[in-house]
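Since the structure comes first, as structure tokens, the remarks are kept for the end.
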Amino acid sequence: MQFIREPQAVEFYPGDCRQQLFAFLKKYSPPTELPETLTGAVVPHAGWKFSGKVAARTLQALAEHSNPEICVLLGADHIGLKKHALFPKGAWKTPLGELPIAEDLAAKLYEAHPRLFENDTQAHEMEHSIEVIAPMIAYFWPKISILPIIVVPNNSAFEIGKTLDRLVKESGKSAIFVATTDLTHYGRFYGRLNAGTGEKALDWVQRNDQKMIECLCDIKDNEILKEAAENENACGAGALTTLCAISK
260 MQFIREPQAV EFYPGDCRQQ LFAFLKKYSP PTELPETLTG AVVPHAGWKF SGKVAARTLQ
320 ALAEHSNPEI CVLLGADHIG LKKHALFPKG AWKTPLGELP IAEDLAAKLY EAHPRLFEND
380 TQAHEMEHSI EVIAPMIAYF WPKISILPII VVPNNSAFEI GKTLDRLVKE SGKSAIFVAT
440 TDLTHYGRFY GRLNAGTGEK ALDWVQRNDQ KMIECLCDIK DNEILKEAAE NENACGAGAL
500 TTLCAISK
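The opening position of the sequence shown corresponds to residue 260 in our numbering, with each subsequent residue numbered one higher.
Okay, here's the thing in structure tokens:
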């Protein structure tokens, strides 16, 4: 049975996606000090109005330093899943084109860890983190296959990263790994006003974010879950852990 994932959350990228991406990338050039080859990136998923420019520019840098056949999209778990969720077959539609699923890799990953995964397309219908980024993947790599995974923030995220690294190498195919997370969620909507409002609150949020950013920059994959649990500064802590395990 083949599955087609239709665009669900158009409010996250309203308007003409291609024109929005042109605007995000206008007059932007990736840093010159980047390595010749890149294999992964972390991008936010708050919605294009809020974080689209950061995500687009990050992916442009990745696109200029990679030539992948597969993109493993590591998403956040906002719905409290018991197992990591694979989108195993078919295609993922976006406003900028259809992305076929890397079905062989999906099947091998499930076969390696059947107790950790569900082939759960319904979970992906309810989750927006990959949805926000998928049109950008289609824009930068229109011929790529993708493997969407909602990563639950638990210790098995380490093992998933190690297995993905092994399976991709065994496949002989080139791949990139894109993890999506937002950082500190703050304000009345999230029930969090411990630092008040205004400049004082902004300063606190930036310092709280920095703790997670340092974990990522230093590839402290064994500290990300603990850091996120203690300080609530990443909604995609599972995805970040898997990416860092691959990076190591």
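Think of the CB as a built atom: it goes at the ideal place given N, C-alpha and C, for glycine as much as any other residue. All of these numbers come straight from a predicted model, not from anything done at the bench.
Under 8 Å between the Cβ atoms of residue i and residue j?
i, j, result
"V524", "I396", "No information on residue 524 is available, as it lies outside the stretch 260 to 507 that the chain covers here."
"H387", "H324", "no"
"A350", "L406", "no"
"A335", "A498", "yes"
"V410", "T353", "no"
"A371", "L340", "no"
"P359", "S430", "no"
"V302", "I392", "yes"
"C476", "E486", "no"
"H444", "E482", "no"
"L355", "Y398", "yes"
"E377", "A344", "yes"
Which one or two residues does DSSP pair with residue i in a beta bridge?
i, result
"G356", "T353"
"P407", "L332"
"E345", "The sequence shown places Leu at residue 345, rather than the Glu named in the question. According to DSSP, which records beta bridges pairwise, L345 is partnered with N378 and I408."
"F448", "Partner(s): none; F448 has no beta bridge."
"A300", "V437"
"R466", "R466 is not bridged to any residue."
"I478", "Paired residues: none, contrary to the question."
For the alpha helix (DSSP H) that residue i lies in, which residues bound it at each end?
i, result
"T501", "A496 to S506"
"T422", "S415 to S430"
"I338", "Unbroken run through I338: none, as it is neither H nor E."
"F399", "S388 to F399"
"G306", "From DSSP, G306 is part of no alpha helix (DSSP H); its letter is neither H nor E."
"D363", "E362 to A371"
"K285", "Premise fails: K285 is in no alpha helix (DSSP H) and is neither H nor E."
Does the stretch 417-437 come close enough to the stretch 445-458 that 3 or more CB-CB pairs lie under 8 Å? No contact exists between the stretch 445-458 and the stretch 417-437.
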